[in-house]
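Novice: Residue numbers (our numbering): 164 to 412.
Below is a structure I'd like to ask you about.
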Ligand SMILES: [Zn+2]
């Protein structure tokens, strides 16, 4: 049962059809892992906290630099030199002190179990971390919502291969042979804040649908590509790779 403060805090979302108080209770009982506290991780954590995801754990080992501030919207000038995960957790609790937000000042790797989480947000910009999160999410049957952004383009997808064998996994679409291919990252190629914020907001939009909404249509099995120049959002239907070494055994 929601208490009076919760009913007020979440009043504008529980009145949405198919959401209601049961949806809010499910959000409050959801344990989220957020890997990365940068351009995507900031809007993801802030909106997830505001929406009332009850338990949030944020991983990032990096320190806030002045060049992060054009997009990593939870981090302020006065926070330069602080750890990103720790600062983001503090900013989330300023919005919503009624949830639990934990920061881990370390790099996420395959030794960390995801069994205790219901939902995983991939907000990293490291190909290796993306494969690790895909592997762990698939094996532990968790929902993985991944985002990425560079220059004025962004990508978003919900992966549920461990929960439904008809869905592809991240590796089906981006085989590991790509891992060693040259990548364009924000440091070298550039990025603007509105694009990371849009993709991060969409990651939480999908998370709210997955957890709170009744009678929703999951977008798992599709890849969304956003072009910030033309404002076109492409939806690409994905198919499972029957030779995928992870999910097609
Ligand atoms: Zn696969």
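Backbone N, C-alpha and C fix where the C-beta goes; we use that ideal spot for every residue, glycine too.
For the alpha helix (DSSP H) holding residue 351, just list the boundary residues, first then last.
Specialist: 349–352 is the extent of the alpha helix (DSSP H) around residue 351.
Novice: Within this structure, are the beta carbons of residue 195 and residue 178 separated by less than 7 Å?
Specialist: Result no, Cβ atoms of residue 195 and residue 178 do not sit closer than 7 Å.
Novice: Answer with buried or exposed for residue 285, where buried requires no fewer than 16 other C-beta atoms within 10 angstroms of its C-beta.
Specialist: The residue is buried, with at least 16 neighbouring Cβ atoms inside 10 Å.
Novice: Could you check the C-alpha separation between residue 167 and residue 184 for me, to the nearest Å?
Specialist: Computed Cα separation, rounded: 12 Å.
Novice: Measuring from each Cβ to the nearest heavy atom of ligand 1, keep the ones under 7 Å and list them in chain order.
Specialist: Result: 324, 331, 332, 334, 335, 403, 404, 407, 409, 410, 411.
Novice: Quick check on the DSSP output: what are the complete beta strand (DSSP E) runs of length 3 or more inside the segment 210–250, in order along the chain?
Specialist: Fully enclosed beta strand (DSSP E) runs of 3 or longer: 218–222.
Novice: In whole angstroms, what separates the C-alpha of residue 252 from that of residue 268?
Specialist: Distance between the alpha carbons of residue 252 and residue 268 is about 11 Å.
Novice: Does residue 374 come out as helix, strand or coil in the three-state DSSP assignment?
Specialist: Reduced to three states, the DSSP call for residue 374 is helix.
Novice: Would you identify the three-state DSSP class for residue 364, choosing helix, strand or coil?
Specialist: Residue 364 falls in the helix class under three-state DSSP.
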